[in-house]
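Chemist:
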Amino acid sequence: SVVVSVRDQGAGVPENELRNVFDKFFQSSKTKTGAGGTGLGLAICQGIITTHKGRIWAENNPDTGANFLFEIPLSLETNVQEDVLVGSARA
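Per the UniProt record's numbering, the sequence shown starts with residue 1, numbered consecutively.
1. Do Gly37 and Gln27 count as a contact pair if the criterion is CB distance below 8 Å?
2. Asn67 to Arg19, Cα distance in whole Å?
3. For Phe70, which residues does DSSP report across the bridge?
4. Leu69 and Ile48 look like a contact to me (Cβ under 8 Å); what is the Cβ gap, rounded to whole Å?
5. Within the continuous alpha helix (DSSP H) that includes Gln46, where are the two ends?
6. Can you tell which of Val2, Ala43 and Asp8 has its C-alpha closest to the C-alpha of Thr64?
7. Please state the DSSP three-state secondary structure of Asn16.
8. Whose C-beta lies closer than 7 Å to the C-beta of Val21 among residues of the same chain, with five residues either side of it excluded?
Shown next, in the form of structure tokens:
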């Protein structure tokens with residue numbers, strides 16, 4: 001698997017809200033002080049990551065801001081189904 005970490009330098013996320021940041025329409029109490037957003041971005045990220053059999057989580061950075069991490073498995077196997085179109089093309 002591969003782990004990717006994205007670090008910001010914002011206000012951080014209150015500890016009691018860390019588990020909720022991936023809920024649809026959730027906005028941290030710290031973002032309500034002026035930062036915009038719909039509360040959908042992290043929920044969309046979570047959907048993409050879980051579709052790929054991965055996991056995503058958030059941690060507070062000890063200095064400032066937060067770390068958003070995700071892990072997805074790497075596989076050399078592919079299960080790609082090829083669609084074959086049958087017919088004729090006309091100009």
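The beta carbon of each residue, even a glycine, is placed where N, CA and C say it ideally should be. Being a predicted model, the structure only gives us computed values, none of them experimental.
Modeler: With the given structure in hand:
1. Here residue 27 is taken as the residue at index 27 of the sequence shown, counted from 1. Here residue 37 is taken as the residue at index 37 of the sequence shown, counted from 1. Yes, these two residues count as a Cβ contact at 8 Å.
2. Taking the first residue of the sequence shown as 1, we reach residue 67 at position 67. Taking the first residue of the sequence shown as 1, we reach residue 19 at position 19. Each residue's alpha carbon lies about 13 Å from the other.
3. Taking the first residue of the sequence shown as 1, we reach residue 70 at position 70. Val4 and Ile56, per the DSSP bridge assignment.
4. Within the sequence shown, residue 69 is the residue found at index 69, counting from 1. Within the sequence shown, residue 48 is the residue found at index 48, counting from 1. Actually they are not in contact, since the Cβ atoms of Leu69 and Ile48 sit about 14 Å apart, beyond 8 Å.
5. For the purposes of this step, residue 46 is identified with residue 46 of the sequence shown, where counting begins at 1. Gln46 -> alpha helix (DSSP H) spans Gly41 to Thr51.
6. As a working mapping, residue 64 is identified with position 64 in the sequence shown. Looking at the Cα atoms, Asp8 is the closest of the given residues.
7. What you label residue 16 is simply residue 16 of the sequence shown in a count that begins at 1. Asn16: helix per DSSP, three-state reduction.
8. For this step, residue 21 is matched to residue 21 along the sequence shown. Taken in chain order, the residues that qualify are Val13, Ser28, Leu42 and Ala58.
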